[in-house]
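K.L.:
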Amino acid sequence: MKSSIGSPSLKDLNAFMAVAEHRSFRRAAELLGVTRSSLSHTVRGLEDRLGARLLHRTTRSVALTEVGEQFLARLDPLLSDLGQLLEDVAGAQGRPTGTLKINGSDAAIRLLLETLVPTFLTRYPGVELDLVAQGQLVDIVEQGFDAGVRLGEAVPKDMVAIRLGPDMRFLAVVSPGYLAAHPTPKTPDELVAHQCIRQRLPSGKRYRWEFRKREQELALDVPGGLTLDNSQLMVEAAAGGLGIAYVPETYARPLIAEGRLLVVLEDWCPYIPGLSLYFPNNRHMPVNLRAFIDMAREELE
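Using the numbering used here, you'd call the opening residue of the sequence shown number 5 and step up by one each time.
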């Protein structure tokens, strides 16, 4: 391959890094906010400047050449150190900048909007928050997120996590009208005689209702003619008399306070670790993420 005049730009190097990390021009283009054809042209230009083939391309896959592997191994720490240097300089001036991408469930993103986001945006106007509400658990590193927010028990073991709030619980709730026409269940096993509003998980599987009382633990695939994939809709369906729903307490509490919902089996509904902010244990943490973490700790205190 013939070498062209001119040194690679930082844009060229970041483009190669994105493709090398994700082994996909499509995915890398989405993360960089450019077209696939533009990204391909950029990487081809980098190869021309270096006079070396860095990637093997087929219609279905992308792989690093031997030269590409060596180039990536030396380039990665250099760009990481450069990025940290730029962020440290900005942070030293009290000006975190750039985009901070956080993934979480609907309830998690709602919590951030109610607590941390307003103050964070006021304090750090140079940071753009990109919050993605997503029911399905994802690999935040692979998907290009800086951090995630999930229930404590769902946080991957290799991540650093900090609590965002107190323990929480799921509650079995039902309308007064439904209970007027049906016997009140005293144990989870008695749910087999009721209409339950079942939940479809993002994976496609139905959620098994989990109960615990002292040493007894149960996970039930409850019966019911209605399945939903949204906790708020489940609460509304229960309030409408369509059956018993098992939902996070935060969703049900307003209607419980209004008397539109009643709690059953409360002594079988244990508390579990609440929402946590989690992130990779990186040597170099982006300044904007550090600022968000510090604010989360302030809020918790």
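By construction, the Cβ of each residue, glycine as well, lies at the ideal position given by its N, Cα and C atoms.
Using the Cα positions of F20 and A151, report the straight-line distance between them to the nearest angstrom.
P.N.:
Using only the alpha carbons, I get a separation of about 23 Å.
K.L.:
Find out if the Cβ-Cβ distance for the pair A256, L265 is shorter than 8 Å.
P.N.:
Result yes, Cβ atoms of A256 and L265 sit closer than 8 Å.
K.L.:
With a threshold of 8 Å on Cβ separation, who are the neighbours of E157 within its own chain once the five nearest residues in sequence on each side are excluded?
P.N.:
Around E157: I276 and P277.
K.L.:
With DSSP run on the structure shown, which of helix, strand or coil describes D134?
P.N.:
If DSSP states are grouped into helix, strand and coil, D134 belongs with the strands.
K.L.:
What does the alpha-carbon distance come out to for the pair M289 and T103?
P.N.:
Going by the C-alpha atoms only, they are around 13 Å apart.
K.L.:
For S13, does the count of other Cβ atoms within 10 angstroms reach 16, so buried, or fall short, so exposed?
P.N.:
Exposed, because fewer than 16 other Cβ atoms sit within 10 Å of the Cβ of S13.
K.L.:
With H, G and I counted as helix, E and B as strand and the rest as coil, what does DSSP make of G102?
P.N.:
Residue state, collapsed to three classes: strand.
K.L.:
Taking the C-alpha atoms as reference points, what is the distance between A137 and P192?
P.N.:
The straight-line gap from Cα to Cα measures roughly 31 Å.
K.L.:
Strictly under 8 Å for the Cβ-Cβ distance: is Y128 near chain B by that measure?
P.N.:
Here chain B cannot be found, since the structure has a single protein chain.
K.L.:
Determine contact between the region 102-117 and the region 125-139, defined as no fewer than three beta-carbon pairs at a distance below 8 Å.
P.N.:
Enough Cβ pairs lie closer than 8 Å, so yes.
K.L.:
Cα-Cα, which of H198, T39, I106 and H60 is closest to S179?
P.N.:
For the residues H198, T39, I106 and H60, the minimum Cα distance to S179 belongs to H198.
K.L.:
To the nearest angstrom, how far is it from the Cα of F149 to the Cα of P187?
P.N.:
One C-alpha to the other measures close to 48 Å.
K.L.:
In the DSSP assignment, the beta strand (DSSP E) including M163 goes from what residue to what residue?
P.N.:
That run of the beta strand (DSSP E) goes M163 to R167.
K.L.:
Would you tell me roughly how many angstroms separate the C-alpha atoms of I297 and G55, rounded to the nearest one?
P.N.:
Taking the straight line from one Cα to the other gives about 43 Å.
K.L.:
Could you tell me which whole alpha helix (DSSP H) segments of length 4 or greater appear in the region 33-61?
P.N.:
The qualifying runs are 40-54.
K.L.:
To which residues of the same chain is L35 closer than 8 Å at the C-beta, ignoring the five residues directly before and after it?
P.N.:
Here the set comprises A22, H26 and G148.
K.L.:
Let me know the secondary structure DSSP gives E302 once reduced to three states.
P.N.:
Residue state, collapsed to three classes: helix.
K.L.:
For G108, which of helix, strand or coil comes out of DSSP?
P.N.:
Strand, per DSSP.
K.L.:
Tell me whether Q236 sits in a helix, a strand or coil according to DSSP, three-state version.
P.N.:
Here Q236 sits in helix by DSSP.
K.L.:
If you draw a straight line from the C-alpha of L224 to the C-alpha of I248, how long is it?
P.N.:
Their backbone Cα atoms lie some 14 Å apart in a straight line.
K.L.:
Between S44 and K209, what straight-line distance do the alpha-carbon atoms span, to the nearest angstrom?
P.N.:
Computed Cα separation, rounded: 38 Å.
K.L.:
I'd like to check one pair, L232 with A241: are the Cβ atoms closer than 8 Å?
P.N.:
Cβ atoms of A241 and L232: closer than 8 Å.
K.L.:
Please work out which residues of its chain come closer than 7 Å, Cβ to Cβ, to S207, disregarding the five sequence neighbours upstream and downstream, and give them in chain order.
P.N.:
Only Q140 meet the Cβ criterion.
K.L.:
Using 7 Å as the cut-off, classify the Cβ of P122 as near or not near the heavy atoms of the ligand NAD, replying yes or no.
P.N.:
Among the components of this structure there are no ligands whatsoever, and the ligand NAD is therefore not found.
K.L.:
What separation, rounded to the nearest whole angstrom, lies between the Cα atoms of K6 and S65?
P.N.:
Note that K6 scores 46 on pLDDT, short of 50, meaning its location in the model is unreliable; the coordinates nonetheless yield the value given after this. K6 and S65: Cα-Cα distance of roughly 25 Å.
K.L.:
Among G229, R212 and L230, which residue has its Cα nearest to the Cα of L222?
P.N.:
When each option's Cα is compared against that of L222, the closest is R212.
K.L.:
In angstroms, rounded to a whole number, what distance separates the CA positions of P258 and A185?
P.N.:
If you take the alpha carbons of P258 and A185, they lie about 23 Å apart.
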